[in-house]
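Numbering (the numbering used here), first residue to last: 3 to 116. Here a beta-carbon is modelled for each residue, glycine too, at the ideal position from N, C-alpha and C. What you are looking at is a predicted structure, and each value in this text was computed from that prediction instead of being measured.
Dropping the structure here:
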């Protein structure tokens, strides 16, 4: 006949919720720390090295572009550079490209080995 159970009031909590909150927040903090040390930090370090390499480019440097073209810098400006990729009948074949297209600077005389 009595299908409804009695309802009781919940006792007031004094501070146990804060420990539970920190306990549930701890795994999120650990995940962020792992991402920071294994993904974000190495990428920032690599980006700094790339910016340093692009700022140190000079005439005569041999480079490899992102597209796989190997050449020697003939002229460079603030944002663009001119790269000699070949010589045909004593005339230089050059390309103009942005500095960001440089993947890496090659050691001297690398082009002669091709």
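Confirm, please, whether the CB-CB distance from residue j to residue i is below 9 Å.
{"i": "residue 98", "j": "residue 85", "result": "yes"}
{"i": "residue 35", "j": "residue 69", "result": "no"}
{"i": "residue 101", "j": "residue 81", "result": "yes"}
Taking 8 Å as the cut-off, is the CB of residue i close to at least one heavy atom of the ligand ADP?
{"i": "residue 111", "result": "Inclusion of the ligand ADP in the displayed structure is not the case, the ligand content being empty and no account of it being possible."}
For residue i and residue j, which I take to be in contact (beta-carbon distance under 8 Å), what is that distance rounded to the nearest angstrom?
{"i": "residue 107", "j": "residue 63", "result": "6 Å"}
Would residue i be called buried (16 or more neighbouring beta carbons within 10 Å of its own) or exposed?
{"i": "residue 2", "result": "The structure shown does not extend to residue 2, since the chain is modelled only from 3 through 116, so no value can be given for it."}
{"i": "residue 42", "result": "exposed"}
{"i": "residue 65", "result": "buried"}
- Message: Could you check whether the stretch 23 to 40 touches the stretch 60 to 76, counting it as contact only if at least three pairs of C-beta atoms, one from each stretch, sit closer than 8 Å?
- Response: Here the stretch 23 to 40 does not lie against the stretch 60 to 76, with fewer than 3 beta-carbon pairs under 8 Å apart.
- Message: Report the start-end ranges of each beta strand (DSSP E) in the stretch 57 to 110 that is 3 residues or longer and not cut off at the edges.
- Response: If you keep only unbroken beta strand (DSSP E) runs of at least 3 residues inside the stretch 57 to 110, you get 64 to 67, 72 to 78, 82 to 90, 93 to 100 and 104 to 108.
- Item | Minimum length 4: unbroken alpha helix (DSSP H) runs contained in the stretch 15 to 42 | Fully enclosed alpha helix (DSSP H) runs of 4 or longer: 18 to 37.
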